[in-house]
Amino acid sequence: MTLTADDSLTVVTSFAQQSLWLQHQVDPDRAAYNITAAVRLRGPLDSAALERALNAVVARHEVLRTVFDLDGEDPVQVIRPDRELRVPVLDAGPDDFRRYADKVLFAPFDLRGGPLLRLELLRLGPEHHIALLALHHIVTDGASSAILLQELSHAYAAELAGVEPLWEELPIQYADFAVWQRDALSGAALDELTGHWTRTLAGAEPLALPADRERDADDSGHAAVHHFTLPAALTTRLEDLARAERATLFMVLLAGLDALLARYCGQEDITVVSPMAGRGRPELEGLIGYFVNPLLLRTQVSGTAGFAALVGRTRDTCLDAFDREELPFEQAVDVLRGHGGPGAEGLRSQVMLVLQNTRPSHWHSAGIDFELIPADTSTAKSDLVLEVRPDADGGCTAALEYRTGLYDAATADRVARHFAAILEAACERPDEPLSQLLATAVPDGEIPAVRGGAAHGEAPAATEYVAPRTPLEEEVAGIWSALLGTERVGVHDNFFDLGGQSLLAVRLAARLRDEFGVEMTVRDLYADFTLEAVTWAVLQRMTADEEQAPA
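Quick note on the working numbering: the sequence shown kicks off at -10 and runs consecutively.
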């Protein structure tokens, strides 16, 4: 940790933060990683007290005062000593929610300048407000957002009472966790984890997921959400099936999704991403920060065995993954790059399953009734994200987020119906061969027709080696060789095909800046990451700088 001249504290990022920071460099204008909440407040609200309460929570959690910068070639956390936030109050009509929600919740964040949290109030009446809360995922996760809302309510009540909030002192801050994680995941421990995931993921391929249309290279990344329910009666039977197979509800839901994907894709080798809480240590329970670590859950789906047997396989897959969940997701993807080439990029962003814990949607504090209201995301994190949450009635509410560039609303509705139909059939006939069960639950004519619409990064055709042809290409090739540890770089070689990954791309941009005096961003490089294209981009920047220089 380093203390700067303005009393800011500079500290390493966690692995998860580093991964998100890298993704932000590629596309800083998108809001895919905004974590949002919209809360209806009914009662005599004191907006000034709410603002003071928010700043009390910000003072309590260093991560809410954190921004991100480069230290040499690596991103770092910069913890500000103080950060006073304002809570604007906007007069709005009953039909203005969507317009304001899009503006407040889904505007991108500036990771370098911050702040990475914003809260605004819509005043619909004297005792009727809607609070719009947004944070960048790099400083929070789902559990952290629940902590933030709980502490904000508590601090608001304390402000009205004129007392200090009575909360337990935090044993550590997020920066302490980041340092601990970096120290723990090194040496033999890291080698063991990497070795396990190398064996587990070797040969994994992207899903040949059908879609309504081919992927557009200029896909905007817009998302929509289809909401549906799993009734209480079905949920009870799923829980009974889970107990019979010594599994959990999550493992049964994963088996259902794996079966659906096997039917859609015509594949037996199915890999789904699922985020784990990442809060295995007790001192992390009350801390705000980005702890979630997605896992790649790979399962073989056999058509000859029954659904009960598939639950057993997903159970084994999950237990094996949970025992070794500490390997950061980006490093697991790097393992895939080493074995599956560019297919790694597909698996990381195709299908995700999330089982959320039950959280209160209504609560009362200091004369205010709080109610969470839906505020669906507008930016896709993956092609398909299935989020399931147990409800108060014994069933489950579910939300299927889908990339609108690939899927229509009618298809999302069909996917949800097929998922529920598979689960219903599985409860009735758990030992029926899966191929028969799926043929009746998901008829052939109801599967989207475009194969490969959701495929990512198919292996490129081999190209003949062409050596660097100019002194500038030779210099850039030398930088690539030093970063990638390879002796020979051809002009048509792609940075990622040679073993590059996101952090090395950031370091490449830094070295191009140091060597040639040109400002290159990771986003500039991603457009075409061959040696020829990167060299041409450097030459263009050098020429433009010379033309703009004073005579």
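By construction, the Cβ of each residue, glycine as well, lies at the ideal position given by its N, Cα and C atoms.
Given the structure is predicted, the values throughout are model-derived calculations rather than measurements.
Cβ separation of residue i and residue j, assumed to be a contact under 8 angstroms, to the nearest whole Å
i     : j    : result
F280  : A297 : Not confirmed; about 33 angstroms, so no contact.
V65   : L361 : About 34 angstroms separates the two Cβ atoms, so there is no contact after all.
F408  : G245 : 6 angstroms
G275  : I161 : With 8 angstroms as the limit, G275 and I161 do not qualify as a contact, their Cβ atoms being about 10 angstroms apart.
L472  : L492 : That belief does not hold up - the Cβ atoms of L472 and L492 are roughly 10 angstroms apart, past 8 angstroms.
L375  : T303 : Not really, about 14 angstroms apart at Cβ, beyond 8 angstroms.
G32   : E116 : 6 angstroms
P422  : G292 : 6 angstroms
F57   : L30  : Wrong, their Cβ atoms sit about 32 angstroms apart, outside the cutoff.
D(-4) : P70  : 4 angstroms
A456  : A90  : About 55 angstroms; that fails the 8 angstroms criterion.
Pairwise C-alpha distance: residue j and residue i
i    : j    : result
L43  : S36  : 10 angstroms
L94  : N23  : 7 angstroms
M509 : L373 : 33 angstroms
E541 : T189 : With the chain represented from -10 up to 540, any question about residue 541 goes unanswered, as that position is not in the structure.
A200 : D165 : 44 angstroms
A388 : M341 : 12 angstroms
D85  : R107 : 19 angstroms
E521 : L9   : 28 angstroms
V523 : V495 : 13 angstroms
Q12  : F4   : 13 angstroms
A428 : I259 : 18 angstroms
G394 : A21  : 15 angstroms
A398 : F359 : 31 angstroms
H445 : A233 : Low per-residue confidence applies at H445: pLDDT is 45, beneath 50, and the placement is therefore not dependable, though the value from the model is reported in the following sentence. Distance between the alpha carbons of H445 and A233: 38 angstroms.
N282 : E314 : 8 angstroms
D380 : L223 : 13 angstroms
L426 : A213 : 30 angstroms
D18  : A96  : 8 angstroms
W186 : A499 : 31 angstroms
E417 : R252 : 19 angstroms
A405 : F217 : 7 angstroms
R247 : P264 : In the sequence as displayed, the identity of residue 247 is Asp instead of Arg. In a straight line, the C-alpha of D247 is about 16 angstroms away from that of P264.
L141 : Q256 : 47 angstroms
D172 : L179 : 10 angstroms
Where residue i falls: helix, strand or coil (DSSP)
i    : result
A294 : coil
E435 : helix
N23  : strand
W352 : strand
Y391 : strand
L196 : coil
G446 : Residue confidence for G446 is low, a pLDDT of 45 falling below 50, so the modelled location carries little weight and cannot support an answer.
N346 : coil
A557 : Past the edges of the chain, shown from -10 to 540, lies residue 557, and the structure says nothing about it.
R88  : helix
Q66  : strand
H211 : strand
D358 : strand
G226 : Here residue 226 is Arg; the residue named in the question, Gly, does not match the sequence. Here R226 sits in helix by DSSP.
M531 : helix
F505 : helix
H99  : Reading the sequence as shown, one finds Asp at residue 99 and not His. Three-state result, D99: coil.
A123 : strand
G114 : strand
P331 : The pLDDT assigned to P331 is 44, lower than 50, so where the model puts this residue is not dependable; a value taken from the coordinates is nonetheless given after this. In this structure, P331 counts as coil in the three-state DSSP scheme.
D258 : strand
T429 : helix
Cβ-Cβ distance between residue i and residue j below 9 angstroms
i    : j     : result
L110 : T25   : no
G474 : Y454  : no
V67  : L(-2) : yes
R392 : A369  : yes
L412 : L299  : no
V1   : L53   : no
L230 : A415  : yes
T459 : D482  : no
R542 : L138  : Lying before the first or after the last residue shown, residue 542 is absent from the chain, which here runs from -10 to 540.
V465 : V527  : yes
Q339 : L249  : no
L284 : A321  : yes
H143 : S350  : no
E435 : R403  : yes
P83  : L113  : yes
A45  : A147  : yes
A152 : H118  : Sequence inspection shows Val at residue 152; the Ala mentioned does not correspond to that position. No, Cβ-Cβ distance for V152 and H118 is not below 9 angstroms.
Contact set for residue i: own chain, Cβ-Cβ below 8 angstroms, skip 5 residues either direction
i   : result
V76 : S36, L39, E40, L43, L108, E109, L110
Close beta carbons around residue i, own chain, < 6 angstroms, minus the five adjacent residues each side
i    : result
P317 : F4
R378 : Q345, T386
E319 : S8
Residues near residue i by beta carbon distance below 7 angstroms, same chain, minus five either side
i   : result
R72 : V47, R54, P104
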